Amino acid sequence: MVETVWSMCGMCTARCPIRVEVEGGAITWLEGNPHLLGGALCARGSAGLALLADDERPRQPLLRKGGRGEGRWQPVSWDTALDQVAERLQAIIAKDGARSTIMSCRGGPFVDPAKAFIQALGSPNFTNHDSACGRNVHHASLSVYGVGRPDLTYDIKNARHLVLFGRNLLESMKIGEANQVLDMLDAGGRLTYVDVRQTVTGLKASRFLMVRPGTDYALTLGLLHGLIKAGAYDAEFVRLHTVGFDELAAFVEPYTLDWAAQECGVKAKSLKEFIDELGADRPRVIFHPGWMLARYRDSFYASRNLHLLNVLMGNLEIKGGQIFAKGAKDCGRKGIRNLTDLVPKPEERRADGVGWKYPHFDKGPGIFPLFYEAMATGEPYPLKALFCYRHDPLTCFPDPEAQKRRLDTLELLVSIDTHYSEFGWYSDVILPESPYLERDCQVAVQKGPKPRLIYRQRATEPRHDTKPGWWIFQQLASRLGLGQYFPYSTIEELWAWQLEPTGIKIGDFAARGFVDLADKPILDDRESMARRLATPSGQIELVSGKLAAQGIELLRPYESPPKPPAGMFRLVFGRSAVNTHGHTINNPLLHELLPENRLWINKRAAAGLGVADGDWLELISQDGAARGQIQAKVTEFIHPEAVYCLHGFGRQVPLQSRACHAGMSDQKLQTGLLLEMDRVGGGLCLCEGLVTVRRSDRNGQREVEL
Amino acid sequence: MNRYLIHLNSKRCIGCHGCEVHCKTNKGLPPGPMLCEISHEPLRSVRGVPRTEFRFRSCYHCEDPQCLPACPTGAMRKREDGIVFVEQETCIGCMACQQACPWDIPQLNPATGKAVKCDYCLDRVDRGLKPACVAKCATHALRFVRLVEF
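Residue numbers (our numbering), protein chains in the order written: chain A, 1 to 706; chain B, 1001 to 1150.
Here's what the structure looks like:
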């Protein structure tokens, strides 16, 4: 008897909806949800089955025996592990207060139990990975619209022109979004792709601009200038819905298209044609404001300009443009219950300074690296415990050695994850979560033009002694006398409690795996759209009133990035469709496809170093403290000032036999960048590091062996 | 007469290698054998845009397959609809089929010690479904085409 189980993929954080066929308790087939994706799934999605079958993951709770990172573990029962974590937490809280505890997670729709847990403890210190990801974009969005990044969606399929600044949509791979791009191209739409190297997304582009690394801001300034000069923008929309246009126009006056072309190293003619096309294609033009934009010192400003370019296109709340994400309320329905709503909000100030020292940052998840600052200084108060739930800061943030020095000031490190993360390996306790196919997750709202309720249902019983997150946090809370905030003992009870106000039953998910809250996409008229803007002026702010009131410079003059000295390059990194950062590198079937990363280096630059394709290279960090070895991929399709590698490799967990020491880690070479942060946008500057590249001694000169 | 063909619309293909893993997981294959393959030529600049085309290859299911007569046990068979497949129970893993094939298509499954090759997921085809690589292609670039004679 074949049974259908609806779930959501967990191989990356796109979380594509999936349908799983189960026969006799075993998974026999796995595909994208046919109602939403027509069965489509990526390589990682299918390789979820290899993750289940793999034994190279934590299979029961582990307590550290030796020193941190030594890798000596004592396998224990869940009761023992949870008791021990609870006892140690109690001791820490008794001495240093609940505020000395931090919870970090990898974001997404299922963080409610983790967030409720840390709040229930009484700590304000909930955080996530986002300062190495989309914080700049989020804060830029807040500064323009008063609403954050998740509140805007992109109707790419119906656009006439999509403009991507390093947003490698076809390799980051949200299945639905990738198909929208291809549908748009099939319908004759245009794609302009801007990057320091060619990618799969760029292959499909109608225009490819290979820019000098670090000049995105320059290009956006030039485009603003070009559009305004050519009158190729939506003057009516700007007049009705924005404030600050004249100020913006005056500011971009010196940044001509010719200047931008020269600064970015692209042809002025190409930019002029681009402006003409934008004028013809608007309003159905989307400038993607970026996703992972923790790159350069001015990435916040670049993202802000991308938002402003959208505004000049007048693309808000129209088909083929940006559409405000709608929730239950917009459908005239009641939303679901969240555990976090039950818990009183801690009044203590955040240790990362967000909300008081940095009042311009969104309080939600704060800024993780600023906790490292607090650990080093003991200010504003001592920190003692860190929980990382599905988050691996040692892979995610720069310079793991510098991070470890700060982590050593903490008394308790707990990793809750499905795999051995670098952080898990360094921690004191590993509480293994069941992989996504072996666990249920609570119900969540997926906001969008057509909002829906989603959930994750376990397809099969855990092969090992692993547990779901909602259970782990409930158990920890009960042991600490906080059980009242987790009013359930089974997932069915949790689902029923969450859904109660909505009138929807969990059985309603059985037909398609989700429940639509609206029959068709909700598109506001322009007047209702304006009501969604949450800026002080109630308009779209081309120059933010809120930030300006705090003395923050919004129209920042452009500073040209220095050219790297001879033999040095800017180290940039990126994504492939067959791996998700650090956490799928050890998957047997994905490792087969891509066992190691390589270093892209420009053909001319390589010739200058005497490097041939396939040669071993030695990379040395700016301060000389970190080194890496990697093979060269010599190509003309990367800018000569940059070298590039895939992120996630060079792992050091011995129990991951395939991934351990395979390839090179970019974050280890990012020395000195841990706190190098855009203090306006909150994003790290991960592409601001230079590395020395030279041909490695590993390339043999002589044949000595027989 | 062969009745089927897998066609790749390379305009939609993004070289994500999903098809390769969809195939492997459907057949329960360990690392090693790869029954279909996405490949591409080195990039070339075309009017300022570096481009390449992706190609898909599985088994050609030849009209007159060389692997068939080479098989000593009769495990390699061709159905009336043109699908060339290995009958697992009869295969002894001698790999004579691979030797005979101009493209080395049949491969050894190290988990079973027997030959394995693309059979268009015939069990799925017989249930009216598409082969795994096509059914789950991330961008709907692969199509399972039923050929008709005019």
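Idealized CB from N, CA, C, for every residue including glycine.
None of these values were measured; they are calculated from a predicted model.
**OP:** Inspect the beta-carbon positions of A:Thr13 and A:Gly166 and report whether they are closer than 7 Å.
**Re:** no
Original post:
Among B:Arg1124, B:Gln1088, B:Val1134, B:Gly1128, which has the Cα closest to the Cα of B:Thr1112?
Top reply: B:Gln1088
Original post:
So the beta strand (DSSP E) B:Asn1026 belongs to, where does it begin and stop?
Top reply: Here B:Asn1026 belongs to no beta strand (DSSP E); instead the alpha helix (DSSP H) covers 1018 to 1027.
Subject >> C-alpha distance - A:Glu31 paired with B:Lys1136, whole-angstrom precision >> reply: 6 Å
**OP:** Closer than 7 Å, Cβ to Cβ, to anything on chain A: give me those residues from the stretch 1035 to 1054 of chain B, in chain order.
**Re:** Leu1043, Gly1048, Val1049, Pro1050, Arg1051, Thr1052
Original post:
Closest to A:Thr671 by CA distance: which of A:Lys404, A:Ala518, A:Arg698, A:Ala607 is it?
Top reply: A:Lys404
Original post:
Does the pairing of the stretch 30 to 46 of chain A with the stretch 462 to 479 of chain A give three or more beta-carbon distances under 8 Å?
Top reply: no
Original post:
Do A:Ile601 and A:Ala632 come within 7 Å of each other at the CB atom, strictly closer than that value?
Top reply: yes
Original post:
Ends of the alpha helix (DSSP H) at A:Glu177?
Top reply: 175 to 186
Original post:
Do A:Ile175 and A:Ala459 have their CB atoms nearer than 7 Å?
Top reply: no
Original post:
Cβ of B:Thr1112 less than 7 Å from any chain A Cβ?
Top reply: no
**OP:** Could you check what DSSP says for A:Glu236 in three-state terms: helix, strand or coil?
**Re:** helix
**OP:** Would you kindly report the start and end of the unbroken beta strand (DSSP E) that includes A:Thr580?
**Re:** Where A:Thr580 is concerned, there is no enclosing beta strand (DSSP E), given that its DSSP letter is neither H nor E.
**OP:** Name the one or two DSSP bridge partners that A:Val163 has.
**Re:** A:Thr192, A:Phe287
Subject >> Rounded separation between A:Asn707 and A:Met529 - CA only >> reply: Residue 707 of chain A lies beyond the stretch modelled for chain A, which goes from 1 to 706, so this question has no answer here.
Subject >> Contact check, A:Leu82 vs A:Leu476, beta carbons under 7 Å >> reply: yes
Subject >> Nearest-angstrom Cα separation, counted from A:Asp112 out to A:Arg190 >> reply: 40 Å
Subject >> Sheet register partners of B:Phe1144 (DSSP bridge) >> reply: B:Ile1006
Original post:
Are the CB atoms of B:Leu1035 and B:Cys1019 nearer to each other than 7 Å?
Top reply: no
Original post:
So, is A:Arg702 buried or exposed, given that buried needs 16 or more other C-beta atoms within 10 angstroms?
Top reply: exposed
Subject >> Where the beta strand (DSSP E) containing A:Gln403 begins and where it ends >> reply: No beta strand (DSSP E) contains A:Gln403, which is instead part of the alpha helix (DSSP H) from 400 to 407.
Original post:
Does any residue of chain A bring its CB to less than 7 Å from the CB of B:Lys1117?
Top reply: no
Original post:
Which residues share a DSSP beta bridge with A:Gln322?
Top reply: A:Tyr154, A:Leu316
**OP:** Could you spell out where the beta strand (DSSP E) holding A:Gln631 opens and where it closes?
**Re:** 627 to 635
**OP:** Grab me the residues of B:His1017's own chain with a C-beta within less than 6 Å of its C-beta, minus the 5 sequence neighbours each way, in chain order.
**Re:** Ile1038
Original post:
Among A:Gly244, A:Ile275, A:Val200, A:Pro254, which has the Cα closest to the Cα of A:His161?
Top reply: A:Ile275
Subject >> A:Ser421, buried or exposed, once every other Cβ within 10 Å from all chains shown has been counted against 16 >> reply: buried
**OP:** Taking A:Ile156 as the reference, give the member of A:Ile552, A:Pro449, A:Met375, A:Glu676 with the closest Cα.
**Re:** A:Pro449
Subject >> A:Ala325 and A:Leu278 closer than 7 Å at C-beta >> reply: no
Original post:
Hey, is the stretch 661 to 677 of chain A in contact with the stretch 395 to 414 of chain A, meaning 3+ C-beta pairs nearer than 8 Å?
Top reply: yes
**OP:** Classify A:Met1 as buried or exposed, calling it buried when 16 or more other Cβ atoms lie within 10 Å of its own Cβ.
**Re:** exposed
**OP:** Decide if the stretch 588 to 601 of chain A is in contact with the stretch 423 to 432 of chain A; the criterion is three or more beta carbon pairs, one per stretch, under 8 Å apart.
**Re:** no
**OP:** Can you have a look at A:Leu706 and say buried or exposed, based on whether 16 or more other CB atoms are within 10 angstroms of its CB?
**Re:** exposed
Subject >> Whole-angstrom C-beta distance between A:Trp6 and A:Phe387, which should lie under 8 Å >> reply: The Cβ separation is near 30 Å, so there is no contact.
Original post:
Which one or two residues does DSSP pair with B:Glu1037 in a beta bridge?
Top reply: B:Arg1057
Subject >> Residue from A:Ser696, A:Thr127, A:His307 whose Cα sits closest to the Cα of A:Tyr154 >> reply: A:His307
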